[in-house]
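Peer 1: Here's a structure for you.
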Amino acid sequence: MKTLIVYYSMGGNTEYVAEKIKAGIEDADTLRLVPKKAYKDKGFAKFVWGGKSALMAEKPELEDYSVDISQYDRIIYGFPVWAGTITPPIRTFVADNKEILKGKRNCAYACMAGSGGVKAIEKLAKAIGIKGFEATSIFIDPKDSPSAEKDAQINGLIVALNQ
C-alpha cells in the first residue's frame, strides 16, 4: 500500500513523528505543508495569531506542492493542535482535495502541549467528510520532551499502520 503523510509542523514535533512513521512503514512519502505567509513562531504573537487563525477556520494559501494524491492508497494527516482544533494549513489541504480524500484509507495524529487533541481529530474527520479514521494517536511534545514512553507510543501507531 502506498502512503502519503501530509503534515504541518511549526515547532518540529509533528515533523519528528512524520519522519518516524515514514521510516517505520513501507512505501511512504511525506508532504510538508508550508503556508505562503508564515505564522509568527515565537512569543505571545504565536498564540494570538495562530489561535485566531485556527478558531476562525482560516484556509491560508499554501506553497505549491506537486503530488498526485490519486497514486496513494492511504493518507496520514499530522498536525499540531491549535486552540483545540486542526491547524489552518491542514484545513486548506483538505478543502483543496476533499473529494479524492474521502475515497482513501485515512489516519491521523495530533501533537500538542496542552489539550484538545481528540476534538481536533474529530473536526478533521468532519472536514474530510468521513465518520472516523482507521488509526489515530495524540502525542504530547514528542520531540521537545522525548521519553521512552513517547517513543513506544509512536511505535504503537506504526504497528497499527502496518497491520
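Under the working numbering, the first residue of the sequence shown is numbered 222, with each subsequent residue one higher.
Beta carbons: idealized from backbone N, C-alpha and C, even for Gly.
1. Run through DSSP, which three-state label would Phe-360 get?
2. Report the three-state DSSP secondary structure of Thr-251 (helix, strand or coil).
3. I'd like to confirm something about Asp-365: is its beta-carbon nearer than 6 Å to some heavy atom of the ligand FMN, or not?
4. How is the beta strand (DSSP E) around Pro-309 delimited, first residue to last?
5. Could you spell out the range, first to last residue, of the alpha helix (DSSP H) harbouring Gly-377?
6. Pick helix, strand or coil for Ala-348, following the three-state DSSP scheme.
7. I think Ala-356 touches Ala-381, with their Cβ atoms under 8 Å apart; what is that distance to the nearest whole Å?
8. State buried or exposed for Ile-321, treating a residue as buried only when at least 16 other CB atoms are found within 10 Å of its CB.
9. Do Ile-307 and Lys-325 have their C-beta atoms closer together than 7 Å?
10. Report yes if the C-beta distance between Ile-361 and Val-315 is below 7 Å; otherwise report no.
Peer 2: Looking at the coordinates:
1. strand
2. strand
3. Although the ligand FMN was asked about, the structure shown includes no ligands whatsoever.
4. From DSSP, Pro-309 is part of no beta strand (DSSP E) but of the alpha helix (DSSP H) over 309 to 323.
5. 369 to 382
6. helix
7. 5 Å
8. Exposed.
9. no
10. no
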